[in-house]
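**Student:**
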Amino acid sequence: MSKSQFSAEGFTPTDNPMKTGIRGLCPRCQMGHLFSGFLKLAPRCEVCGLDYSFADPADGPAFFAMTIAAVPALGFGVWFQMTFGLPLWVHLFTTLPLTILSCMALLRPLKGWLVCSQYFHKAEEGSIDFDWHAKASRRQQPGGDAAPRT
72 MSKSQFSAEG FTPTDNPMKT GIRGLCPRCQ MGHLFSGFLK LAPRCEVCGL
122 DYSFADPADG PAFFAMTIAA VPALGFGVWF QMTFGLPLWV HLFTTLPLTI
172 LSCMALLRPL KGWLVCSQYF HKAEEGSIDF DWHAKASRRQ QPGGDAAPRT
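Shown next as C-alpha coordinates:
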(Lines of atoms letter the chains of each structure in order from A and count residues from 1; the text may use other names and numbers.)
(Lines give C-alpha, C1' and ligand atoms only; values in the text may rest on other atoms or scores of the structure.)
Protein backbone atom coordinates (compact mmCIF):
# COMPACT_ATOMS: atom_id res chain seq x y z
CA MET A 1 0.00 0.00 0.00
CA SER A 2 1.22 3.43 -0.78
CA LYS A 3 1.63 5.98 1.95
CA SER A 4 -0.58 8.52 0.17
CA GLN A 5 -3.52 6.12 0.27
CA PHE A 6 -4.04 6.88 3.95
CA SER A 7 -3.18 10.58 3.86
CA ALA A 8 -5.95 13.07 4.56
CA GLU A 9 -5.28 15.53 1.69
CA GLY A 10 -7.50 18.29 3.10
CA PHE A 11 -10.04 15.96 4.68
CA THR A 12 -10.45 15.03 8.32
CA PRO A 13 -10.22 11.24 8.64
CA THR A 14 -12.57 9.56 11.07
CA ASP A 15 -11.62 9.31 14.70
CA ASN A 16 -14.48 6.88 15.35
CA PRO A 17 -14.42 4.05 12.78
CA MET A 18 -17.40 2.31 14.36
CA LYS A 19 -19.72 5.32 14.01
CA THR A 20 -18.52 6.13 10.50
CA GLY A 21 -18.66 2.52 9.33
CA ILE A 22 -22.13 1.81 10.70
CA ARG A 23 -23.39 4.84 8.80
CA GLY A 24 -21.68 3.53 5.63
CA LEU A 25 -19.57 6.64 5.06
CA CYS A 26 -16.06 7.08 3.70
CA PRO A 27 -13.44 6.84 6.47
CA ARG A 28 -11.37 9.68 5.01
CA CYS A 29 -13.92 12.44 4.31
CA GLN A 30 -17.00 11.06 6.12
CA MET A 31 -19.19 12.40 3.32
CA GLY A 32 -18.94 9.87 0.49
CA HIS A 33 -20.61 6.48 0.40
CA LEU A 34 -18.77 3.28 1.27
CA PHE A 35 -21.18 0.95 -0.55
CA SER A 36 -22.47 0.83 -4.12
CA GLY A 37 -24.94 -1.95 -3.33
CA PHE A 38 -26.28 -3.67 -0.23
CA LEU A 39 -22.94 -5.28 0.60
CA LYS A 40 -20.77 -4.35 -2.40
CA LEU A 41 -18.06 -1.81 -1.67
CA ALA A 42 -17.82 1.08 -4.06
CA PRO A 43 -14.53 1.20 -6.01
CA ARG A 44 -13.71 4.62 -4.53
CA CYS A 45 -15.26 7.51 -2.64
CA GLU A 46 -17.18 9.89 -4.89
CA VAL A 47 -16.19 12.89 -2.74
CA CYS A 48 -12.51 12.49 -1.83
CA GLY A 49 -11.52 9.74 -4.28
CA LEU A 50 -10.21 7.30 -1.65
CA ASP A 51 -9.57 3.95 -3.34
CA TYR A 52 -11.28 1.21 -1.33
CA SER A 53 -9.07 -1.56 -2.74
CA PHE A 54 -7.25 -1.69 0.63
CA ALA A 55 -10.41 -3.03 2.27
CA ASP A 56 -10.80 -6.75 2.78
CA PRO A 57 -13.10 -7.58 5.69
CA ALA A 58 -13.35 -11.21 4.43
CA ASP A 59 -15.73 -13.28 6.58
CA GLY A 60 -15.58 -10.95 9.58
CA PRO A 61 -19.02 -9.35 9.08
CA ALA A 62 -20.71 -12.72 8.57
CA PHE A 63 -19.03 -14.20 11.64
CA PHE A 64 -20.01 -11.29 13.87
CA ALA A 65 -23.57 -11.16 12.48
CA MET A 66 -24.14 -14.87 13.03
CA THR A 67 -22.61 -14.73 16.50
CA ILE A 68 -24.70 -11.72 17.55
CA ALA A 69 -27.97 -13.02 16.08
CA ALA A 70 -27.65 -16.67 17.11
CA VAL A 71 -28.15 -16.31 20.87
CA PRO A 72 -31.36 -14.21 20.74
CA ALA A 73 -32.74 -16.39 17.91
CA LEU A 74 -32.00 -19.54 19.87
CA GLY A 75 -33.59 -18.03 22.97
CA PHE A 76 -36.68 -17.09 20.97
CA GLY A 77 -36.90 -20.55 19.41
CA VAL A 78 -36.61 -22.33 22.74
CA TRP A 79 -39.15 -20.00 24.40
CA PHE A 80 -41.53 -20.38 21.46
CA GLN A 81 -41.27 -24.18 21.56
CA MET A 82 -41.59 -24.50 25.33
CA THR A 83 -44.46 -22.01 25.63
CA PHE A 84 -46.68 -23.19 22.80
CA GLY A 85 -45.47 -26.75 22.13
CA LEU A 86 -45.92 -26.33 18.38
CA PRO A 87 -44.63 -28.76 15.76
CA LEU A 88 -41.02 -28.18 14.73
CA TRP A 89 -42.00 -27.21 11.16
CA VAL A 90 -43.50 -23.99 12.60
CA HIS A 91 -39.92 -22.85 13.31
CA LEU A 92 -39.30 -22.81 9.55
CA PHE A 93 -41.78 -19.94 9.34
CA THR A 94 -40.86 -18.15 12.58
CA THR A 95 -37.40 -18.76 14.01
CA LEU A 96 -35.57 -19.29 10.72
CA PRO A 97 -36.76 -16.03 9.10
CA LEU A 98 -36.05 -14.16 12.34
CA THR A 99 -32.48 -15.48 12.33
CA ILE A 100 -31.90 -14.70 8.65
CA LEU A 101 -33.37 -11.19 8.86
CA SER A 102 -31.35 -10.44 11.99
CA CYS A 103 -28.13 -11.51 10.26
CA MET A 104 -28.97 -9.52 7.12
CA ALA A 105 -29.71 -6.40 9.16
CA LEU A 106 -26.31 -6.63 10.84
CA LEU A 107 -24.13 -7.42 7.80
CA ARG A 108 -23.90 -3.97 6.21
CA PRO A 109 -23.15 -1.98 9.40
CA LEU A 110 -20.60 -4.56 10.53
CA LYS A 111 -18.87 -4.59 7.13
CA GLY A 112 -18.72 -0.79 7.12
CA TRP A 113 -17.26 -0.80 10.62
CA LEU A 114 -14.57 -3.34 9.70
CA VAL A 115 -13.59 -1.46 6.52
CA CYS A 116 -13.36 1.84 8.41
CA SER A 117 -11.33 0.13 11.12
CA GLN A 118 -8.90 -1.14 8.50
CA TYR A 119 -8.44 2.41 7.23
CA PHE A 120 -8.20 3.88 10.74
CA HIS A 121 -5.54 1.39 11.87
CA LYS A 122 -3.76 1.40 8.48
CA ALA A 123 -4.15 -2.38 8.26
CA GLU A 124 -2.52 -4.10 5.35
CA GLU A 125 -1.56 -7.58 4.27
CA GLY A 126 1.04 -9.18 6.48
CA SER A 127 4.54 -9.79 5.23
CA ILE A 128 7.61 -11.59 6.44
CA ASP A 129 10.48 -9.43 7.63
CA PHE A 130 13.37 -11.42 6.18
CA ASP A 131 16.00 -9.01 7.55
CA TRP A 132 14.74 -9.48 11.12
CA HIS A 133 14.73 -13.27 10.76
CA ALA A 134 18.26 -13.26 9.32
CA LYS A 135 19.55 -11.16 12.24
CA ALA A 136 17.74 -13.37 14.76
CA SER A 137 19.21 -16.56 13.32
CA ARG A 138 22.73 -15.07 13.38
CA ARG A 139 22.28 -14.18 17.07
CA GLN A 140 21.30 -17.75 17.91
CA GLN A 141 24.29 -19.31 16.12
CA PRO A 142 27.38 -20.11 18.21
CA GLY A 143 29.70 -17.14 18.16
CA GLY A 144 26.88 -14.77 17.12
CA ASP A 145 26.00 -11.60 18.95
CA ALA A 146 24.35 -12.40 22.28
CA ALA A 147 22.50 -9.09 22.44
CA PRO A 148 20.99 -7.15 19.56
CA ARG A 149 22.86 -4.07 18.51
CA THR A 150 21.09 -0.75 18.21
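When we follow this note's numbering, the leftmost residue of the sequence shown carries the number 72, and every step to the right adds one.
We put the CB at the ideal spot given by N, CA and C, even for glycine.
Given the structure is predicted, the values throughout are model-derived calculations rather than measurements.
Going by DSSP in three states, R209 sits in which element: helix, strand or coil?
**Tutor:** As a first step, residue 209 is located in the sequence shown; it is residue number 138 there, counting from the start. Looking at R209 - three-state DSSP - the assignment turns out to be helix.
**Student:** Contact between the region 197-209 and the region 133-151: three or more CB pairs below 8 Å?
**Tutor:** Contact between the region 197-209 and the region 133-151 is absent, because fewer than three Cβ pairs lie under 8 Å.
**Student:** Output needed for R115: all residues of its chain with C-beta closer than 8 Å, excluding positions within five of it in sequence on either side, in chain order.
**Tutor:** Here residue 115 refers to the residue found at position 44 of the sequence shown. Excluding positions up to five away in sequence, the list reads L121, D122 and Y123.
**Student:** For K182, which residues in the same chain have their Cβ closer than 7 Å to its Cβ, ignoring the five residues on either side in sequence?
**Tutor:** Translated into positions along the sequence shown, residue 182 becomes position 111. Excluding residues within five positions, the ones whose Cβ falls inside 7 Å are L110, P128 and P132.
**Student:** Could you tell me which of F82, R209 and F134 sits nearest to G103, measuring between CA atoms?
**Tutor:** What you label residue 103 is simply residue 32 of the sequence shown in a count that begins at 1. Checking every option, the nearest Cα to that of G103 belongs to F82.
**Student:** Considering just the uninterrupted stretch of the alpha helix (DSSP H) at G92, what are its terminal residues?
**Tutor:** For the purposes of this step, residue 92 is taken as residue 21 along the sequence shown, with counting starting at 1. Note, G92: alpha helix (DSSP H), P88 to I93.
**Student:** What is the rounded straight-line gap between the Cα of S188 and the Cα of H204?
**Tutor:** On the sequence shown, residue 188 is found 117 positions in, with the first residue counted as 1. On the sequence shown, residue 204 is found 133 positions in, with the first residue counted as 1. Cα to Cα, the separation comes out at about 29 Å.
**Student:** Assign D202 to one of three DSSP states: helix, strand, or coil.
**Tutor:** The count along the sequence shown starts at 1 and reaches residue 202 at position 131. DSSP places D202 in helix when its eight states are reduced to three.
**Student:** Leaving out five residues on either side along the sequence, give the residues of the same chain with a beta carbon under 8 Å from the beta carbon of S75.
**Tutor:** Here residue 75 refers to the residue found at position 4 when the sequence shown is read from its first residue. Confidence at S75 is low in this model, with a pLDDT of 45, below 50, so its placement is unreliable and no value can be given for it.
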